[in-house]
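Below you'll find the structure, written out as structure tokens, and then a few comments.
Structure, rendered in structure tokens:
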């Protein structure tokens, strides 16, 4: 698992080093990452008391880093470690989320919609339509 | 792809030049003298440190006779002037550049002027500041929800801030945790939802929750515009909106939200995140890119 963590860290550094924080003026797709969404009902997704924690390592005992948004950028191909999937936090930090908390991206309001993780002009990880 | 730097710089122990390590007795004596001199100078410098008030700011005069027409003003040390901008002297509130930027500025706004024009506006400003929320953020919420005027009775959402009972209660709890003294102003029970002062306290607490929730999800120092996504669509969708490209449609950005719910919130099919942000900004003006927190 440690080897996997190290490799994941290196991949993240390589990916993010490709995107200078303030150089881009338009969103740029992040290679090696795809979109998934939280496995919540519509009601749960709007409930202020519902939070899905993300952790610093693929373990329930690892310290929580924060909460996940409705759409997450997961490393592809998805390779769960201890039931957790590596994803990018908006800050660019790699964090881990239980695979059971995710499902494939599918928009209820626009079933044909697609999604790609991008580096936004403000330097944060975000999402856009494929171009 | 940019290559990684070939050399990682690391501080090496005992890496002082050889010359520096070959000190002589004269050098030691000079060093001791210099140290003594600097200590003396430092002592003198400490003597020039401005006096500080260990007990906080000076005691304020508290009038024991209220003057009719004068608003209740609570000054919380260390927070922004709640009335900045109301007289034209505050910040211009023209902070961020788009809906994805972070906050970082607090000041007057057109929305704040609107709220200040109500009978309860001054008290709401004071209470928002006590909770730690930018009064312009609170004002923007009431402008968007009701124009800061009393709407008719709704099916669920009520009052000038159009809060649902659950959000109202959660907001109140957060606000009271921030400043328990606000409890004296609260109208108890469901009637509180239609009392602007009480609901403004709850809305301030809810905005505080929004800011904390967004920050926990990696959106630091969120703007009023970003908090609007939380207010309308909840925490996970609020983060999704704050992380969306302006070109994405609202349905793409929030895949868990159905078109019927989007329509109920005034979002038309195919409306982009950028269009939604522009629509909100058009209603609240320069409050949009201000920080939620004061």
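Protein chains in written order, with our numbering: chain A, 57 to 187; chain B, 23 to 316. By construction, the Cβ of each residue, glycine as well, lies at the ideal position given by its N, Cα and C atoms.
Asked	Found
Any C-beta of chain B under 8 Å from that of residue 77 of chain A	Unreliable positioning characterises residue 77 of chain A in this predicted model, as indicated by a pLDDT of 46, which lies under 50. A coordinate reading is not provided.
Same chain, Cβ closer than 6 Å to residue 132 of chain B, five either side skipped, listed in chain order	307
Short CB-CB distance (under 8 Å) between residue 141 of chain A and chain B	no
Closer than 8 Å to chain A by CB, residue 223 of chain B	no
Separation of residue 166 of chain B from residue 260 of chain B, as counted between CA atoms	17 Å
Cβ pair residue 239 of chain B, residue 125 of chain A closer than 8 Å	yes
DSSP three-state assignment for residue 298 of chain B, whether helix, strand or coil	helix
Short-range partners of chain A found in the segment 249-267 of chain B, where Cβ spacing is below 7 Å	255, 256, 257, 258, 259, 261, 262, 265, 266 and 267
Chain B within 8 Å of residue 84 of chain A, Cβ atoms only	no
Length of the line joining the Cα atoms of residue 107 of chain A and residue 257 of chain B	8 Å
Min CB distance residue 314 of chain B to chain A below 8 Å	no
Residue 144 of chain A beta carbon less than 8 Å from that of residue 150 of chain A	yes
Residue 287 of chain B and residue 164 of chain A closer than 8 Å at C-beta	no
Cβ neighbour criterion (16 or more within 10 Å) applied to residue 265 of chain B	buried
Collapsed DSSP secondary structure at residue 186 of chain A in the structure displayed	coil
Under 8 Å between C-beta atoms of residue 86 of chain A and residue 186 of chain A	no
C-alpha gap between residue 208 of chain B and residue 199 of chain B, whole angstroms	14 Å
Whole-angstrom C-beta distance between residue 226 of chain B and residue 153 of chain B, which should lie under 8 Å	4 Å
Nearest-angstrom beta carbon gap, residue 294 of chain B and residue 268 of chain B [assumed within contact, 8 Å]	6 Å
Neighbour-count burial assignment, residue 101 of chain A, 16 or more Cβ in a 10 Å radius	buried
Identity of the residues DSSP links to residue 175 of chain A by a beta bridge	A/84 and A/181
Backbone CA spacing between residue 103 of chain A and residue 117 of chain A [nearest angstrom]	25 Å
Coil, strand or helix - residue 316 of chain B by DSSP	coil
Length of the line joining the Cα atoms of residue 162 of chain A and residue 105 of chain A	23 Å
Where residue 99 of chain A falls, given that 16 or more other Cβ within 10 Å makes a residue buried	exposed
Proximal residues of chain A, C-beta to C-beta of residue 273 of chain B below 7 Å	163, 165, 166 and 169
Same chain, Cβ closer than 7 Å to residue 292 of chain B, five either side skipped, listed in chain order	271
Opposing strand residues paired with residue 160 of chain A [DSSP bridges]	A/92
Residue 227 of chain B, DSSP secondary structure in three states	helix
Sub-8 Å separation of residue 159 of chain B and residue 281 of chain B beta-carbons	no
Close Cβ partners of residue 250 of chain B (< 6 Å) along its chain, the five nearest in sequence each way excluded	302
Residue closest to residue 235 of chain B, alpha-carbon to alpha-carbon, out of B/141, B/135 and B/315	B/315
Host beta strand (DSSP E) of residue 251 of chain B (start-end)	No beta strand (DSSP E) contains residue 251 of chain B, which is instead part of the alpha helix (DSSP H) from 246-255.
Neighbour list for residue 192 of chain B in chain A, Cβ cutoff strictly below 7 Å	104
Residue 129 of chain A beta carbon less than 8 Å from that of residue 181 of chain A	yes
Rounded Cβ spacing between residue 169 of chain A and residue 297 of chain B (contact assumed at less than 8 Å)	Actually they do not touch by this definition, with Cβ atoms about 16 Å apart.
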